[in-house]
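Asks: This is the structure, below, for whatever I ask next.
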Ligand SMILES: *Cc1c(COP(=O)(O)O)cnc(C)c1O
């Protein structure tokens with residue numbers, strides 16, 4: 003039997019045909035598919051502007067730059083996230099710092115954030131940008147974080163790499179109701195895929211414009227023309243130092259086709275999550291907890307062993323891997339990484355994050371996970387816990 007992965011893309015015949023059609027068209031990149039994909043996403047999220055790029059990492063980078071993050075500025079993110087959320091700040095030369103998590107949601111804790119802001123204000127060291135991360139697909143407490151942003155004067159980038167198709171209160175994640183910019187990832191393990199790819203969303207036309215410039219060398223043909231000056235047809239202008247972070251039309255064609263099934267993907271993941279709840283209810287575990295304001299996309303299904311069982315985490319993990327189940331751990335606290343240790347972070351910095359990390363295991367969840375496979379995961383986990 004092939005191992006059951008923790009996550010897996012879902013590619014239909016229609017997806018394949020959409021990509022083939024693009025390959026046979028006039029444009030492999032910078033054609034009509036990227037704008038079409040951007041419009042699909044902005045309509046879906048009810049947000050004004052969508053800027054497609056080649057990864058969420060690129061989106062985070064240009065989001066930070068568009069918000070003016072530069073050397074000497076401070077950026078804060080969650081202690082539990084993929085390293086990309088915090089690396090983006092380092093690309094801009096900023097100083098990074100980490101906020102501890104809420105142990106129930108695994109999200110950046112808005113109360114810990116407030117405590118840290120109070121201290122930072124006294125020290126004259128407030129952050130310029132805070133990057134909340136919607137772990138596993140559940141939105142952070144954005145309303146409260148947004149209130150704090152007004153009080154303490156920071157800007158917000160939502161790292162919604164996990165939360166494509168999720169909702170928060172009355173809106174879809176991506177509406178930017180409580181943030182300046184929201185970032186999506188279209189890596190194959192995420193909710194929908196473009197191979198590699200990402201998106202930056204905003205309601206602010208200036209932010210969107212600078213992100214458009216930054217993704218393509220800082221070069222534009224759309225600039226203010228001096229009155230009376232003749233227009234040369236070849237003329238283009240570099241207005242800032244940008245990158246090549248463009249998404250290809252091949253990727254966007256796949257993205258447009260995948261979008262048709264996003265809501266179905268979310269529903270099937272939510273059904274599997276509901277079913278896990280029943281299957282695992284008698285085990286010594288904490289199961290994912292959903293706040294009533296949030297509808298998670300369940301990009302990941304993470305269980306945490308009870309405190310009494312924490313020393314068994316590695317045995318349980320190994321037993322599941324031996325049983326052909328591709329369990330994983332999301333994530334090692336970012337500041338445990340050797341690169342971040344060198345920046346001066348030490349163990350004990352974020353207590354909840356470290357407690358969570360010592361007890362968490364990611365179980366398989368993806369739309370084509372069969373009920374038999376899910377039963378097998380549950381029974382293997384039960385066995386591993388009792389041995
Ligand atoms: C996957 C992921 C990213 C990076 O996404 P890419 O598209 O692979 O660059 C950033 N942040 C989080 C939380 C992620 O899970």
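Residue numbers (the numbering used here): 3 to 389. Yeah, the Cβ is synthetic: ideal placement off N, Cα and C, and Gly gets one too.
In the structure shown, what three-state DSSP assignment does residue 328 receive?
Replies: Three-state result, residue 328: coil.
Asks: Would residue 213 pass as a contact of residue 49 if the rule is Cβ separation under 8 Å?
Replies: Against a cut-off of 8 Å, the Cβ pair of residue 49 and residue 213 comes out as no contact.
Asks: Check the C-beta distance from residue 100 over to residue 362 and give it rounded, since I have them as a contact under 8 Å.
Replies: Residue 100 to residue 362, Cβ: 17 Å. No contact.
Asks: Where are the alpha helix (DSSP H) runs, 4 residues long or more, that stay fully inside the segment 218-281, in chain order?
Replies: The qualifying runs are 251-261, 264-281.
Asks: Assuming contact is defined by CB atoms lying nearer than 8 Å, are residue 66 and residue 108 in contact in what I supplied?
Replies: Against a cut-off of 8 Å, the Cβ pair of residue 108 and residue 66 comes out as no contact.
Asks: Tell me whether the segment 157-168 and the segment 19-33 touch, counting them as touching only if at least three CB pairs, one residue from each stretch, are closer than 8 Å.
Replies: No contact exists between the segment 157-168 and the segment 19-33.
Asks: For the putative contact between residue 145 and residue 180, defined by C-beta atoms under 8 Å, what is the C-beta separation to the nearest angstrom?
Replies: With a Cβ gap of about 6 Å, residue 145 and residue 180 count as contacting.
Asks: Of all residues in the structure, which have a C-beta closer than 6 Å to any heavy atom of ligand 1, taken in chain order?
Replies: Listed by chain position, these are 57, 58, 59, 83, 84, 86, 87, 135, 161, 163, 164, 187, 189, 200.
Asks: Rounded to whole angstroms, what is the Cα-Cα separation between residue 186 and residue 192?
Replies: So the two alpha carbons sit approximately 9 Å from each other.
Asks: Nearest to residue 324 by alpha carbon, out of 382, 232, 60, 241?
Replies: Answer by Cα proximity: 382.
Asks: Per the contact definition of three or more C-beta pairs closer than 8 Å, is the segment 238-254 in contact with the segment 57-65?
Replies: These segments touch.
Asks: Measure the CB-CB distance between residue 264 and residue 166 and report whether it falls below 8 Å.
Replies: Yes. Within cutoff.
Asks: Between the segment 297-311 and the segment 272-281, do three or more beta carbon pairs fall short of 8 Å?
Replies: As far as the Cβ criterion goes, the segment 297-311 touches the segment 272-281, which means the pair count is three or higher.
Asks: Closest by CA to residue 347, which one among 199, 98, 171, 269?
Replies: Ranking 199, 98, 171, 269 by Cα distance to residue 347 puts 98 first.
Asks: Taking the straight line between their C-alpha atoms, what separation do you get for residue 157 and residue 374?
Replies: Rounded to whole angstroms, residue 157 to residue 374 spans 46 Å at the Cα level.
Asks: Does DSSP classify residue 300 as helix, strand or coil?
Replies: Residue state, collapsed to three classes: coil.
Asks: Kindly list the residues whose CB is nearer than 7 Å to the CB of residue 116, restricted to its own chain and excluding five residues on each side of it in sequence; keep chain order.
Replies: The residues are 150.
Asks: Would you mind working out which of 169, 127, 119, 122 sits nearest residue 140, comparing C-alpha positions?
Replies: When each option's Cα is compared against that of residue 140, the closest is 169.
Asks: Should the segment 77-96 be regarded as contacting the segment 124-134, the criterion being three or more beta carbon pairs within less than 8 Å?
Replies: The segment 77-96 vs the segment 124-134: in contact.
Asks: Using 8 Å as the threshold, is the C-beta distance between residue 13 and residue 366 below it?
Replies: No, they are not a contact pair.
Asks: Quick check for students: name the residue ranges of the beta strand (DSSP E) that lie wholly in the segment 169-221, counting only runs of 3 or more.
Replies: The qualifying runs are 183-187, 200-204.
Asks: How should residue 396 be labelled, buried or exposed, when 16 other C-beta atoms within 10 angstroms of its C-beta is the threshold for buried?
Replies: Here the chain has residues from 3 to 389 only, and residue 396 is not among them.
Asks: To the nearest whole angstrom, what separates the beta carbons of residue 326 and residue 8, a pair I think is in contact under 8 Å?
Replies: Actually they are not in contact, since the Cβ atoms of residue 326 and residue 8 sit about 12 Å apart, beyond 8 Å.
Asks: Per DSSP, residue 161 is paired with what?
Replies: In the DSSP output, where bridge partners are listed per residue, residue 161 has 135, 185.
Asks: What separation, rounded to the nearest whole angstrom, lies between the Cα atoms of residue 104 and residue 291?
Replies: Cα to Cα, residue 104 sits roughly 11 Å from residue 291.
Asks: Tell me which same chain residues have a C-beta within less than 7 Å of the C-beta of residue 188, skipping the five on either side of it?
Replies: Excluding sequence neighbours, residue 188 sits near 194, 195, 196, 199, 200, 257.
Asks: Taking the DSSP output, what are the residues bridged to residue 54?
Replies: Its beta-bridge partners are 201.
Asks: Report buried or exposed for residue 1, applying the criterion of at least 16 other Cβ atoms within 10 angstroms of its Cβ.
Replies: Limits of the chain in this structure are 3 at one end and 389 at the other, which puts residue 1 out of reach.
Asks: Spatial neighbours of residue 255 within its chain, please: CB distance less than 6 Å, with the 5 preceding and 5 following residues excluded, ordered by chain position.
Replies: Closer than 6 Å at the Cβ level, and outside the excluded window around residue 255, lie 20, 21, 24, 35.
Asks: From the DSSP output, which residues share a beta bridge with residue 79?
Replies: Note: residue 79 sits in a beta bridge opposite 100, 133.
Asks: Buried or exposed, going by whether 16 or more other CB atoms sit within 10 Å of the CB of residue 335?
Replies: Residue 335 is buried by the Cβ-count criterion.
Asks: For residue 216 versus residue 178, is the C-beta distance shorter than 8 Å?
Replies: For residue 216 and residue 178, no; Cβs fall outside 8 Å.
Asks: Is it right to say residue 356 is buried, meaning 16 or more other beta carbons lie within 10 angstroms of its own, or is it exposed?
Replies: Classification for residue 356: buried.
Asks: Using a threshold of 7 Å, is the CB atom of residue 318 nearer than that to any non-hydrogen atom of ligand 3?
Replies: For the structure depicted, ligand 3 is absent and the ligand set comprises only ligand 1.
Asks: Nearest CA to the CA of residue 207: which residue from 354, 358, 68?
Replies: Of 354, 358, 68, the residue nearest in Cα terms is 68.
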